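Number of protein chains: 4
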Amino acid sequence: MNTYGSLFKVTLYGESHQKAIGVVIDGVPPGIKIDESIIQADLLKRKAGAVGTTTRIEEDAYEITSGLFNQHTTGSPIHIMIENKDVRSKDYSALKKHPRPGHADYVAHVKYQGYNDYRGGGRFSGRLTAALVCAGAIAKQILPFKITHELIQVGTLTNLEKLDEYLEKIAEEGDSIGGIIQLKTSPLPMGLGEPFFQKLDAEVAKILFSIPAVKGVDIGTGFSGITLKGSEFNDPILDASGKTKSNHSGGVSGGLSNGNPLKIRVMVKPTSSIKKAQETYHKEENQTKTLEIKGRHDVCIARRIGIVLENALALALVDLYLLNQTYKTFSKE
Amino acid sequence: MNTYGSLFKVTLYGESHQKAIGVVIDGVPPGIKIDESIIQADLLKRKAGAVGTTTRIEEDAYEITSGLFNQHTTGSPIHIMIENKDVRSKDYSALKKHPRPGHADYVAHVKYQGYNDYRGGGRFSGRLTAALVCAGAIAKQILPFKITHELIQVGTLTNLEKLDEYLEKIAEEGDSIGGIIQLKTSPLPMGLGEPFFQKLDAEVAKILFSIPAVKGVDIGTGFSGITLKGSEFNDPILDASGKTKSNHSGGVSGGLSNGNPLKIRVMVKPTSSIKKAQETYHKEENQTKTLEIKGRHDVCIARRIGIVLENALALALVDLYLLNQTYKTFSKE
Amino acid sequence: MNTYGSLFKVTLYGESHQKAIGVVIDGVPPGIKIDESIIQADLLKRKAGAVGTTTRIEEDAYEITSGLFNQHTTGSPIHIMIENKDVRSKDYSALKKHPRPGHADYVAHVKYQGYNDYRGGGRFSGRLTAALVCAGAIAKQILPFKITHELIQVGTLTNLEKLDEYLEKIAEEGDSIGGIIQLKTSPLPMGLGEPFFQKLDAEVAKILFSIPAVKGVDIGTGFSGITLKGSEFNDPILDASGKTKSNHSGGVSGGLSNGNPLKIRVMVKPTSSIKKAQETYHKEENQTKTLEIKGRHDVCIARRIGIVLENALALALVDLYLLNQTYKTFSKE
Amino acid sequence: MNTYGSLFKVTLYGESHQKAIGVVIDGVPPGIKIDESIIQADLLKRKAGAVGTTTRIEEDAYEITSGLFNQHTTGSPIHIMIENKDVRSKDYSALKKHPRPGHADYVAHVKYQGYNDYRGGGRFSGRLTAALVCAGAIAKQILPFKITHELIQVGTLTNLEKLDEYLEKIAEEGDSIGGIIQLKTSPLPMGLGEPFFQKLDAEVAKILFSIPAVKGVDIGTGFSGITLKGSEFNDPILDASGKTKSNHSGGVSGGLSNGNPLKIRVMVKPTSSIKKAQETYHKEENQTKTLEIKGRHDVCIARRIGIVLENALALALVDLYLLNQTYKTFSKE
C-alpha cells in the first residue's frame, strides 16, 4: 500500500505531526554516485515562501541513515528521514468534530475507525511529499534524460507574469485557486513501459494521482485532442530514432515510450483549506454548521507542487527504465 | 507486468493472431454465485457492429476451464480463455517494414528486438480487452454497487443523436475520430483506497490508462475546474453518510471514496488505423514514404470501448474493496 | 497467491477434475529459442509407470497458446494448458464426508466453506505440478547452468538397487513410504540472491515447500552438520572464482550463490492415500470411523517427484538470475 | 527484495556500521493496542551476554517515529529505528582483502562490485535481525495464538544442562558450534496458508531461511520421518476442530494449518567467525593464506537466534492470518 515500484521500490512512512516522515528506497543499483546537493535543491523548490504559499516553513533537514558509502550507493536500501519540527498541534484539534470539506478528515475518521492521527491531516498531509521529493532526487541521478516542470495556468491566468498580484487578491478573499502543471522530458529511449499493466502512461498516471490535490492527468494533446481526426492526431514517424513530426501522443505509443519527449499535463485543484466560511456537517451536532478554518495554508498549492510531480514522475520512469534494461540486456547474451 | 491487483489479481495473456487470449483471476473469494449471462452480455456490448466499428467481428466464445463448481467460485483461480478464430494474418505482413503512425508497431519492434508477434498488433491489439471484459464481469458480481458508462462526446458532437450520420461522413473521408466516455457508480461505501500508493483515484487512473487509446483521465470536475475557487470547488458534507452538496471531487477525497458516486471522464483518441494516405518512415528504405492502411478498422473506437473501461474500473474497485474489508473487519474482532 | 516470482512470474491455475490446468509465464525475455522436446521429456519423467507409482496415467498433452513465434519467445506471456482427460470423479465423492488423514480434504472444506472442488483433491492434487514442470522446462532453457535431481533414500533404503522389490512389498501391505531427493547444479555464477528477503536459499526453500508432500529442506550439509565445529563446517575459498575446498554451505553464503554447485536435500513424506484401513473422523457421524481409500495412488511419490522439484528449483533460480543481471548490467553503463 | 509480506508488509533497511538500521511495517490494521514492553523484552532476549555469545553488546534503543497514536496503531506504516552506536570499524578493514570463509564477504564484494559497505558484514550482519525482532513483536500482538522457541540441541548435546561448560570448552579451542531450535505454536485456526505459492510451510521456510546462519528447516517429524510408512506418518483426525491423534505433519496439511500446533525445527550452523587459524584465499596476493579473525563473536549463535526465529515466524503467520481473514469474512456477507 505504501510501496511503489517493482525493481526500484519506494516505501513512504510518516504522519504530519508525529516524530518523522521518511522513505526507504530499495532496488537501487550499486555504484551510483549521489550528489546530495540535488536532494537539498529539490527540497528547497518544494518549500513554501512565495506569494500564495503557506507560512508553515519546515526546515526539512533530511538525514540519510543507510545505503550510501563513500558517496556511492551500496546496493542496500537507502533510508532518508526528515524530522517533523515546526508542529503546532493545537491548530487542528477542533476539526476532528467538524471535518473540512475537500479534505480526507471525515472519510479517514470512518476508514480508520477513529484511530488515525488526525493532527495536521496525518498521513494525508502534503508534508509526506517531502520524502517523495528526496526519493525522486535519487532517481533522477540514475536516469540518462532530463525532466522539467512548468506551471502553465492558474485559475483564468495563462500568462503568469501577474501571478503574485492575482494570488494576493484571492488570498484577500480568503479563498484558493488551482493550476495546471506541464511535465516534460528530453527524448526518452524507446521501449520504456511493460504491457499490459505497467504501461508507461499508466504508471505515470498512477504516481501523479497519488500526489494530493491532483484531479486530472492527460498525455500529449490529451483532452484537447477531442476534435482532431486521426489524420491530424497521428504523429508521422520521421526516422529510425522514432522521432515524430508532431507529438500529439506525448511520447507514448501503445504504452511504450516512442523516442520522443514525454509530455504530460496535471490538473491541481484549489487548496481545500480556505479562510472563507463554509457550511458543512458537524459530527457532534449531527447537522451542518458554519466552519472557519484557521492555521497556515497555501492559497495556490500548484505553485509548490511542480517539483513533487517532477520527482514522482522520476520514480515511475526509473522503475520502467530498470525493467526495460533487464530484458534488453538479457537478450544480448 | 501482466498482472493487476493485490488481492483480486488479474493476469492477462495472448496476442491477436495466436491460438488464444485469456485471463487468470486469482484471489476470488469462494462461494460467489456467478451468472455467466453477464459475461456474455458484456462481451456483446464490446462487439463491433454499429456504424463506425470494424467489420472483423469475433465470435468471442469464451470457456471457463477452472475455478467454478456448481455455479459458485471455489476459491481457486478462475481461468477464462477465448480462442482467436477470425484471423486474417495476410493483412498485416507489409506493416512490419512500414510501421503505422500512432501504433506500437515500430517501438514494439525495437523493444522486443524483432521477436514480437507483429500480426494484428500482437499483444498491443485491442483484442486483449475481450479477456479483460470477462474478468470485469466477474468482478462486478462481487461489488455491492453499480457501474455505468456513457459516451458523452465524439469529435465536436456533444449531442449524440446524429452520431451515425457524423461517423458515416468521417468513414467516407477515410478518417477516424475520438470521444469522451463518462464512468459513474452508485454511491461507494466510504474508505475505498489505500494511501499512499493505492489511492482510489491512482488505481483507477492506472487501469484506465492501461486500455489502448486512452489519453486522458480526470476525476469529478477535473480539468474543467481550473477556473473554480476553493469556495466553489469544495463539496460541503451534508450528513453522516458523507453525502456532499456538490460532487466536484468526483467521489474521492484524499484518495479515498467519500460516500458519493464516483465520476470519471476518459479521453479516447481517434483510431490510429485510417484509410487516408499518411507520409511516414519506411524501415527498409530508411526514409518517409506514403502508407495506405488496408484491413477492417473502427472509425470511432470510443463507440465500443465503454464496456471495456467500465469493466476495467470494476477490477480496480474490487481489489480496493477487498483490501478495505480486510482492515475494516479485522478491527472488529 | 498463485503467482511466483518478481521478474519471471509464474501463475498456476486449475483443479484436478475440472477442464484444464495450466500456467501463464510472464517476464520471459524475448528472443529465447525454445526447444519443445524438453517440455515433453520433462513431462514424461513426471509420468507414472514405474513400480510404486499410480495407474492413473494422464496423457499430459500440453498446448502453448501464446508467447511463442517462430520457435522464439516474443516477450509476451507464455500460456501453457493441459486438459484433464482421464478423470474418474466417482472415486472421490464419499471422501467429502470422511476426509482422508494427511490430506487437505478436511481443512480445505473448512477454509473454502464447502465451495472447493473436492474431486480428486481439487487444487491440492499433485496434478497441478504438471503445469509447473512445463514452466520449469522453459526456465531451464534460459539458465546457463545445469540442474539435476537424484533419489538418494527411500524408507530405510540408501542403496536403491532393490527399490522395485522394496516398494512391491510395501504395496502389498497397502502402505506407502517416503524418500529423500538431492538436487544439484553445476557451479552457479556468484551473486544470485537478493537480501534481505529474496535470498537464494530462502527462495529455493519456499518453492520446494510449495510442492505437495515436501516436509523438509536443507542446504549443503544441513541438519547433518549439527556436530561439526566452525573450523570443520567453514568452506575455505581457493581462488578468485569463489571455489571452495569443501561445500558444507551447499553453494550459498549470506543468501547468495558463492560460485560453487548448489546442493539441496528434500524430504518427501509417504503418500497419504493408502489402502490400509485408518481410524479417522467422519463428519456426518461426528466421530471417528474406519476409512478404506480406493482409487489409484502412488506407493512412493518420491519416485516421481524429482523432476517436479528440479523444475521448481529452476523457477526460483531463473527469477534470481534475471534480478542479478539487472543490477549487474546496470552499473556497467 | 527487502520487503516481506502481501498484506502485513515489512521493509528492512540498514547496514551494521552505518547510522541506523530499521523497519517499516505497512498494512497494520488500525486500533491495535501496542504494548511496547514486549518489543523491549524481545530485544533483550536477542541480546548477547550469556556464555558463548559476543561481547559486542548493543544498547538496541529503538524509536518508533510514526504509526502509533495514543498507544494504538493508526493504520499508517509504523517505522521503528535503532541507531548503531557501539561500532568499531577498525576491526574489519583487513577482511576486505582476505575474505572470511563461511561469510558473505567475498561474494558480496563481487555482487556489488566493490561498492558494498563491508564494515561489520554490512547488510549481511546479524545486526539487522534486531529490527526484524521489533517487527515480530508488533505482529505477535495481532495474532490470537502463542509462539515459543526452544534450543533442543547444540553440537552433540541434546541435554542442555551442561551447555555453559560445553561452550566454554569450544571457546577455548577458538572454535564455534551450531544448534537446532524448535518452534511451536498453540493450535492455529484452520486454513492459514494460500495455495499454490503462499502455503503456510512455504512462507515459514522462506522467512526462516532469510535469517543468517539457518541451513535447514523441517516441519513436524520432517527428515526424521524417512523410515515411517504412510500408516504411521498419517495423523488420524479426531474431531471437528481438526485435532489429530499424532502430529507428524507439524500442523500443516496441503500447505494449510490444520487446527493443530505448528511444529518446526531449524538447523543453525556454527558461527563462521572463529579465532582458530584458517587457510583461505587472499585477494591481493591471489592465493590462499592463513587468516586469523579478531573481534568479538558468538561461539554459538544458536543461543541468541531463538527469539529472531520466533519473531520471523510471527511475520509469516500474521500475513497469512490477515489473508485468510479477508476471504473468510468476505463470504459471510
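Chains as they are written, first to last, in this note's numbering: chain A, 2 to 334; chain B, 2 to 334; chain C, 2 to 334; chain D, 2 to 334. Glycine included, every Cβ here is placed at the ideal spot set by N, Cα and C. Values in this document were obtained by computation on a predicted structure and should not be read as measured data.
Runs of beta strand (DSSP E) wholly within the region 152-202 of chain C (minimum 3 residues, chain order): Segments of the beta strand (DSSP E) lying fully in the region 152-202 of chain C: 180-186.
Closest residue to A:LEU189 among A:LEU144, A:GLU162 and A:GLN154 (Cα-Cα distance): As a first step, residue 189 of chain A must be located in the first sequence, where it is residue number 188. When only C-alpha atoms are compared, the closest one is A:LEU144.
Endpoints, beta strand (DSSP E) assigned at B:ARG266: Mapped onto the second sequence, residue 266 of chain B falls at position 265. Unbroken beta strand (DSSP E) run through B:ARG266: 264-269.
Span of the alpha helix (DSSP H), counted from its first residue to its last, around C:HIS110: Here residue 110 of chain C is taken as the residue at index 109 of the third sequence, counted from 1. Taken as a continuous stretch (DSSP letters only), the alpha helix (DSSP H) holding C:HIS110 covers 106-112.
Test: C:GLY123 CB closer than 8 Å to a CB of chain B: Residue mapping note: residue 123 of chain C aligns to position 122 of the third sequence, counting from 1. It does; some Cβ of chain B falls within 8 Å.
Meets three-Cβ-pair contact criterion under 8 Å: the region 235-250 of chain B and the region 261-281 of chain B: Contact holds: three or more Cβ-Cβ distances are below 8 Å.
Sheet register partners of A:THR291 (DSSP bridge): Taking the first residue of the first sequence as 1, we reach residue 291 of chain A at position 290. Looking at the DSSP assignment, A:THR291 forms a beta bridge with A:GLU280.
Cβ-based burial, D:GLN279 [other Cβ within 10 Å; buried from 16]: If you number the fourth sequence from 1, residue 279 of chain D lands on position 278. Taking all protein chains shown into account, D:GLN279 has 16 or more neighbouring C-beta atoms within 10 Å of its C-beta and is therefore buried.
Spatially closest choice to B:THR66 from C:GLY32, C:ILE81, C:ALA138 and C:LEU69, by CA coordinates: Numbered from 1 along the second sequence, position 65 holds the residue referred to as residue 66 of chain B. The residue with the shortest Cα to Cα distance from B:THR66 is C:ILE81.
Test item: CB-CB of A:PRO383 and C:TYR322 under 8 Å: Here chain A comprises residues numbered 2 to 334, so residue 383 of chain A is not present and cannot be evaluated.
Proximity to B:LEU161 [Cα-Cα], best of B:ARG304, B:TYR93 and B:TYR5: Here residue 161 of chain B refers to the residue found at position 160 when the second sequence is read from its first residue. Comparing Cα-Cα distances from B:LEU161 to each of B:ARG304, B:TYR93 and B:TYR5, the minimum goes to B:ARG304.
Members of the region 176-193 of chain A near chain B, C-beta cut-off 8 Å: Flagged, chain order: ASP176, SER177, ILE178, GLY179, GLY180, ILE181, MET191 and GLY192.
Residues sharing a beta bridge with D:MET2, DSSP: Within the fourth sequence, numbered from 1, the residue matching residue 2 of chain D stands at position 1. For D:MET2, which the question treats as bridged, DSSP gives no partner whatsoever.
For D:LYS333, three-class secondary structure by DSSP: Your numbering for residue 333 of chain D matches position 332 in the fourth sequence. Residue confidence for D:LYS333 is low, a pLDDT of 43 falling below 50, so the modelled location carries little weight; the figure read from the coordinates is stated next. Residue state, collapsed to three classes: helix.
Residues that D:PRO78 contacts on chain A, provided the C-beta gap is smaller than 7 Å: One-based indexing of the fourth sequence puts residue 78 of chain D at position 77. Simply ASN3 and TYR14.
Exposure of D:LYS34, with buried meaning 16 or more beta-carbon neighbours within 10 Å: As a working note, residue 34 of chain D is residue 33 in the fourth sequence. By the neighbour-count definition (other C-beta atoms within 10 Å, threshold 16), D:LYS34 is an exposed residue.
Interface partners of B:MET268 on chain A, CB under 8 Å: As a working mapping, residue 268 of chain B is identified with position 267 in the second sequence. Residues of chain A passing the Cβ test: ASP219, GLY223, PHE224, GLY226 and ILE227.
Within 8 Å, strictly: CB atoms of C:CYS301 and C:THR272: As a working note, residue 301 of chain C is residue 300 in the third sequence. As a working note, residue 272 of chain C is residue 271 in the third sequence. Result yes, Cβ atoms of C:CYS301 and C:THR272 sit closer than 8 Å.
Complete alpha helix (DSSP H) runs within the region 36-88 of chain B (minimum length 4 residues, chain order): Positions of the alpha helix (DSSP H) runs, each at least 4 residues long and wholly inside the region 36-88 of chain B, are given as 37-47 in order along the chain.
Any chain B beta carbon closer than 8 Å to C:HIS73: Working through the third sequence from its first residue, we reach residue 73 of chain C at position 72. Put simply, the CB of C:HIS73 is near chain B, with a gap under 8 Å to one of its CB atoms.
Option in B:TYR5, B:PHE9 and B:ASN3 with minimal Cα separation from B:GLN326: The residue you call residue 326 of chain B lines up with position 325 of the second sequence. The option with the nearest alpha carbon to B:GLN326 is B:PHE9.
Proximity of D:PHE125 and D:PRO196 at Cβ, strictly below 8 Å: Residue 125 of chain D sits at position 124 when you count from the first residue of the fourth sequence. Residue 196 of chain D sits at position 195 when you count from the first residue of the fourth sequence. D:PHE125 places its beta carbon 8 Å or farther from that of D:PRO196.
Contact list for the region 16-48 of chain B against chain D, Cβ threshold 7 Å: For the region 16-48 of chain B, which is checked against every Cβ of chain D, the residues closer than 7 Å are PRO30, PRO31 and GLY32.
Supposed contact pair B:LEU316 and B:GLY127 - C-beta distance, whole angstroms, cut 8 Å: Taking the first residue of the second sequence as position 1, residue 127 of chain B is located at position 126. Taking the first residue of the second sequence as position 1, residue 316 of chain B is located at position 315. B:GLY127 to B:LEU316, Cβ: 17 Å. No contact.
Candidates B:ARG120, B:CYS135 and B:ALA105, of which the one nearest C:LEU69 by Cα: For this step, residue 69 of chain C is matched to residue 68 along the third sequence. Comparing Cα positions, the closest option is B:ARG120.
The alpha helix (DSSP H) enclosing D:GLY137, as first and last residue numbers: Counted from its first residue, the fourth sequence places residue 137 of chain D at position 136. In the DSSP assignment, D:GLY137 falls within the unbroken alpha helix (DSSP H) covering 130-140.
Three-pair Cβ contact test at 8 Å for the region 10-27 of chain B versus the region 36-56 of chain C: As far as the Cβ criterion goes, the region 10-27 of chain B does not touch the region 36-56 of chain C, which means the pair count is below three.
Neighbour flag for C:TYR322 against chain D, beta carbons, 8 Å: For this step, residue 322 of chain C is matched to residue 321 along the third sequence. At a cut-off of 8 Å between C-beta atoms, C:TYR322 does not count as an interface residue with respect to chain D.
Beta carbon of D:ASP299 nearer than 8 Å to that of D:GLY53: If you number the fourth sequence from 1, residue 299 of chain D lands on position 298. If you number the fourth sequence from 1, residue 53 of chain D lands on position 52. In this structure, D:GLY53 lies closer than 8 Å to D:ASP299 by Cβ.
Cβ neighbours of D:ALA103 in the same chain (closer than 6 Å, five flanking residues each side left out): Position 102 of the fourth sequence, counted from the first residue, corresponds to residue 103 of chain D. In the sequence on display, residue 103 of chain D carries Gly and not Ala. These residues qualify, in order along the chain: SER273.
For C:LYS34, the residue or residues it bridges with in DSSP: Along the third sequence, one-based indexing puts residue 34 of chain C at 33. Paired residues: C:HIS73.
Test: C:GLN142 CB closer than 8 Å to a CB of chain B: Here the question's residue 142 of chain C lines up with position 141 in the third sequence. No, its Cβ sits nowhere closer than 8 Å to a Cβ of chain B.
Residue-level contact to chain B via CB, C:GLY103, 8 Å cutoff: On the third sequence, position 102 is the one that residue 103 of chain C refers to. No, C:GLY103 does not count as interfacial toward chain B.
Stretch pair the region 93-108 of chain D + the region 180-194 of chain D: three plus CB contacts closer than 8 Å: No, the region 93-108 of chain D does not touch the region 180-194 of chain D.
Top-ranked residue by Cα proximity to D:ASN2, from C:SER242, C:LEU201, C:MET268 and C:ALA313: Position 1 of the fourth sequence, counted from the start, is the residue given in the question as residue 2 of chain D. Strictly speaking, residue 2 of chain D in this sequence is Met, with Asn absent from that position. Checking every option, the nearest Cα to that of D:MET2 belongs to C:LEU201.
B:PHE210 at chain D interface by Cβ criterion, 8 Å: Here residue 210 of chain B corresponds to residue number 209 of the second sequence, with the count starting at 1. Not one chain D Cβ lies under 8 Å of B:PHE210.
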